[in-house]
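Undergrad: I'd like to ask you about the structure that follows.
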Amino acid sequence: MKQLLFLFIFLLGTLFTYAQSFEILEGDTINRIDENRRRQGYWIVKAQSGKHPGYQTGSIVEEGKYESSRKSGLWKTYYPNGNLKSEITYENSRPRGPYTLYYENGKVEEKGNWERTKNTGDFKRYHSNGKLAQEFTFTENGKRSGKQTYYYENGNLRLEGTWVEGQENGEMREYYENGDLMEVKNFNNGQLDKTSIATYAAKTPQKDALEKQLEEGKEVNVTASKDETPNQGGFDGNGYKKLYNRDKQIVKDGVFKGYRLMDGKYYKYDENGILTQIMIFKNGKYIGDGVISEDDK
Numbered sequence: 054m055k056q057l058l059f060l061f062i063f064l065l066g067t068l069f070t071y072a073q074s075f076e077i078l079e080g081d082t083i084n085r086i087d088e089n090r091r092r093q094g095y096w097i098v099k100a101q102s103g104k105h106p107g108y109q110t111g112s113i114v115e116e117g118k119y120e121s122s123r124k125s126g127l128w129k130t131y132y133p134n135g136n137l138k139s140e141i142t143y144e145n146s147r148p149r150g151p152y153t154l155y156y157e158n159g160k161v162e163e164k165g166n167w168e169r170t171k172n173t174g175d176f177k178r179y180h181s182n183g184k185l186a187q188e189f190t191f192t193e194n195g196k197r198s199g200k201q202t203y204y205y206e207n208g209n210l211r212l213e214g215t216w217v218e219g220q221e222n223g224e225m226r227e228y229y230e231n232g233d234l235m236e237v238k239n240f241n242n243g244q245l246d247k248t249s250i251a252t253y254a255a256k257t258p259q260k261d262a263l264e265k266q267l268e269e270g271k272e273v274n275v276t277a278s279k280d281e282t283p284n285q286g287g288f289d290g291n292g293y294k295k296l297y298n299r300d301k302q303i304v305k306d307g308v309f310k311g312y313r314l315m316d317g318k319y320y321k322y323d324e325n326g327i328l329t330q331i332m333i334f335k336n337g338k339y340i341g342d343g344v345i346s347e348d349d350k
């Protein structure tokens with residue numbers, strides 16, 4: 054009787070216990086779900102029809118290790134073309150440690166170190182041609198500190214200065230694309246000393262950066278300049294913003310990533326302040342011109 058009772062309890066327990074599931078890939082166990090329905094071990098997530106737009110069904114979307122359904126260690130994500138999109142180190146499903154982001158063409162876009170929600174340590178961002186665009190250093194609290202540099206796509210220095218606990222401090226120098234000095238100014242704990250501003254004309258004529266890209270048939274890269282201000286609040290170079298020039302004319306309206314206009318409009322004016330062109334951008338690429346309406350003039 055006791056044996057029958059034990060067997061009954063055992064069978065009843067199995068009804069409420071989930072079976073484990075897994076896959077075998079080249080002799081290794083992957084995509085394992087334990088009896089508590091938690092993801093464990095190495096996972097390879099593949100595209101499913103209707104769930105991953107742009108991907109071919111069965112292509113790899115991401116891969117990495119789970120510990121009780123939480124991401125752990127290095128995780129890799131991929132673009133629909135199969136190229137790496139990101140390599141991010143996780144701890145308890147939160148970014149913690151080194152990471153690398155990639156352009157769809159396979160070149161590195163950004164390298165740094167994440168501590169949950171902020172950058173720490175050395176940080177580098179690159180242009181899509183592979184050349185260095187920005188180089189910073191962040192404190193343990195995620196604030197920029199030390200020498201900071203920006204570069205043009207041709208590799209020449211664009212801006213250099215020093216930051217202390219997230220604020221500009223000391224002399225800042227800005228250069229033309231050909232390397233000529235453009236401007237020198239001084240900051241004190243984030244405050245600009247307007248009397249220190251000294252501007253210089255380029256020694257050689259400078260072509261408009263956008264026109265140069267169009268002439269050379271390159272992918273157009275439009276970025277926010279230091280003279281452009283948002284319609285409201287601050288601007289860290291990411292997200293949706295409307296930017297205006299010194300004459301309060303709208304110059305850029307759209308979504309930015311790393312100060313680059315990804316989706317939206319770029320308004321061009323002549324020397325008299327008359328609107329001459331509205332360039333439309335999609336995924337960072339110039340796709341054509343918009344119609345100039347009476348409201349735009």
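The sequence shown begins at 54 in the numbering used here and counts up one residue at a time.
Built from N, CA and C at the ideal position, the CB exists for glycine as well.
#1: CB-CB under 7 Å to residue 333, same chain, minus the five flanking residues each way: which ones, in chain order?
#2: What is the DSSP secondary structure of residue 275, counted as helix, strand or coil?
#3: Using a 10 Å radius around the Cβ and a threshold of 16 neighbouring Cβ atoms, would you call residue 117 buried or exposed?
#4: How many Å lie between residue 380 and residue 250 at the Cα?
#5: Where DSSP assigns a beta bridge to residue 82, which residues make up the other side?
#6: Expressed to the nearest angstrom, what Euclidean distance is found between the alpha-carbon atoms of residue 304 and residue 241?
#7: Which of helix, strand or coil does DSSP assign to residue 107?
#8: Check residue 208 in the structure and name its three-state DSSP category.
#9: Pull the bridge partners of residue 251 from the DSSP assignment, please.
#10: Excluding the 5 residues preceding and the 5 following residue 68 in the sequence, name in chain order all residues of the same chain whose CB lies nearer than 7 Å to its CB.
#11: Is it buried or exposed for residue 327, if we count other Cβ within 10 angstroms and need 16 for buried?
#12: Buried or exposed for residue 4, please, with buried defined as at least 16 other CB atoms from any protein chain shown within 10 angstroms of its CB.
#13: Runs of 3 residues minimum, wholly inside the stretch 122-185: which ones carry the beta strand (DSSP E) assignment?
#14: By the three-class DSSP mapping on this structure, what secondary structure does residue 270 have?
#15: Report buried or exposed for residue 325, applying the criterion of at least 16 other Cβ atoms within 10 angstroms of its Cβ.
#16: Could you check where the beta strand (DSSP E) with residue 22 kicks off and where it finishes?
#17: Residue 112 and residue 135 - do their beta-carbons sit closer together than 8 Å?
#18: Give the C-beta separation of residue 85 and residue 122 to the nearest angstrom, bearing in mind that I take them to be a contact with Cβ-Cβ under 8 Å.
#19: Is the beta carbon of residue 152 less than 8 Å from the beta carbon of residue 140?
#20: I'd like to know whether the C-beta atoms of residue 172 and residue 195 end up nearer to each other than 8 Å.
#21: Could you pull the DSSP bridge partners for residue 306 from this structure?
#22: Roughly how far, in whole angstroms, is the beta-carbon of residue 202 from the beta-carbon of residue 188, given that I think they are within contact range, below 8 Å?
#23: Return the first residue and the last residue of the beta strand (DSSP E) that residue 331 is part of.
#24: With the cut-off set at 8 Å, would you say residue 129 and residue 115 are in Cβ contact?
#25: Quick check on the burial criterion: 16 or more other C-beta atoms within 10 angstroms. Buried or exposed for residue 25?
#26: Have a look at 182, 175, 309, 77 and flag the residue whose alpha-carbon is nearest the alpha-carbon of residue 95.
#27: For residue 83, which residues of its own chain have a beta-carbon under 6 Å away from its beta-carbon, when the five flanking residues on both sides are left out?
#28: Return the bridge partner residues of residue 223 from the DSSP annotation.
#29: Tell me the DSSP bridge mates of residue 116?
#30: Near residue 180, what residues of its chain come up, given a Cβ to Cβ distance below 7 Å and the 5 sequence neighbours on each side ignored?
TA: To lay it out plainly:
#1: Counting from 1 along the sequence shown, the entry for residue 333 is found at position 280. Only 318, 340, 341, 342, 343 meet the Cβ criterion.
#2: On the sequence shown, position 222 is the one that residue 275 refers to. Correct three-state label for residue 275: coil.
#3: The residue given as residue 117 occupies position 64 in the sequence shown. With 16 or more other Cβ atoms within 10 Å, it is buried.
#4: In this structure the chain extends from 54 to 350, so residue 380 is not present and cannot be described.
#5: As a first step, residue 82 must be located in the sequence shown, where it is residue number 29. DSSP output for residue 82 lists 77 as bridge partner(s).
#6: As a position in the sequence shown, residue 304 is number 251, starting the count at 1. As a position in the sequence shown, residue 241 is number 188, starting the count at 1. Rounded to the nearest angstrom, the two C-alpha atoms are 30 Å apart.
#7: Reading the sequence shown from its first residue, position 54 is the one you call residue 107. It is coil, neither helix nor strand.
#8: On the sequence shown, position 155 is the one that residue 208 refers to. Correct three-state label for residue 208: coil.
#9: Stepping through the sequence shown from its first residue, residue 251 is reached at position 198. Partner(s): 237.
#10: By 1-based counting over the sequence shown, the position of residue 68 is 15. Confidence at residue 68 is low in this model, with a pLDDT of 41, below 50, so its placement is unreliable and the value that follows should be read with caution. So the list is empty, once near-sequence residues are dropped.
#11: If you number the sequence shown from 1, residue 327 lands on position 274. So residue 327 counts as exposed.
#12: This structure gives no information on residue 4, because the portion of the chain shown stretches from 54 to 350.
#13: 123-131, 137-144, 147-155, 161-168, 174-179
#14: In the sequence shown, the residue the question calls residue 270 occupies position 217. Low local confidence applies: a pLDDT of 47 at residue 270 is under 50, so the model's placement there is unreliable, with the coordinate-based value given in what follows. Residue state, collapsed to three classes: coil.
#15: The count along the sequence shown starts at 1 and reaches residue 325 at position 272. Exposed, since its Cβ has fewer than 16 Cβ neighbours within 10 Å.
#16: In the structure displayed, the chain extends from 54 to 350; residue 22 sits before or after that span and is not available.
#17: Start at 1 with the first residue of the sequence shown, and residue 135 comes out as number 82. Start at 1 with the first residue of the sequence shown, and residue 112 comes out as number 59. Yes.
#18: Here residue 85 refers to the residue found at position 32 of the sequence shown. Here residue 122 refers to the residue found at position 69 of the sequence shown. Actually they do not touch by this definition, with Cβ atoms about 11 Å apart.
#19: In the sequence shown, the residue the question calls residue 152 occupies position 99. In the sequence shown, the residue the question calls residue 140 occupies position 87. Yes, the Cβ-Cβ distance between residue 152 and residue 140 is below 8 Å.
#20: Against the sequence shown, residue 172 aligns to sequence position 119. Against the sequence shown, residue 195 aligns to sequence position 142. In this structure, residue 195 lies closer than 8 Å to residue 172 by Cβ.
#21: For the purposes of this step, residue 306 is taken as the residue at position 253 of the sequence shown. DSSP output for residue 306 lists 295, 318 as bridge partner(s).
#22: Mapped onto the sequence shown, residue 202 falls at position 149. Mapped onto the sequence shown, residue 188 falls at position 135. Going by Cβ atoms, the distance from residue 202 to residue 188 rounds to 5 Å, so yes, they are a contact pair.
#23: Locating residue 331 in the sequence shown gives position 278, counting from the first residue. Residues 328-335.
#24: One-based indexing of the sequence shown puts residue 129 at position 76. One-based indexing of the sequence shown puts residue 115 at position 62. Closer than 8 Å, so yes.
#25: Outside the displayed span of the chain (54 to 350) sits residue 25, for which this structure offers no information.
#26: To locate residue 95, count along the sequence shown from 1; it is residue 42. Checking every option, the nearest Cα to that of residue 95 belongs to 77.
#27: Taking the sequence shown and counting its residues from 1, one reaches residue 83 at position 30. The residues are 76, 95, 97.
#28: Here residue 223 corresponds to residue number 170 of the sequence shown, with the count starting at 1. Answer by DSSP bridge pairing, in chain order: 240.
#29: By one-based count along the sequence shown, residue 116 stands at place 63. Answer is 97, 129.
#30: Here residue 180 refers to the residue found at position 127 of the sequence shown. Here the set comprises 186, 206.
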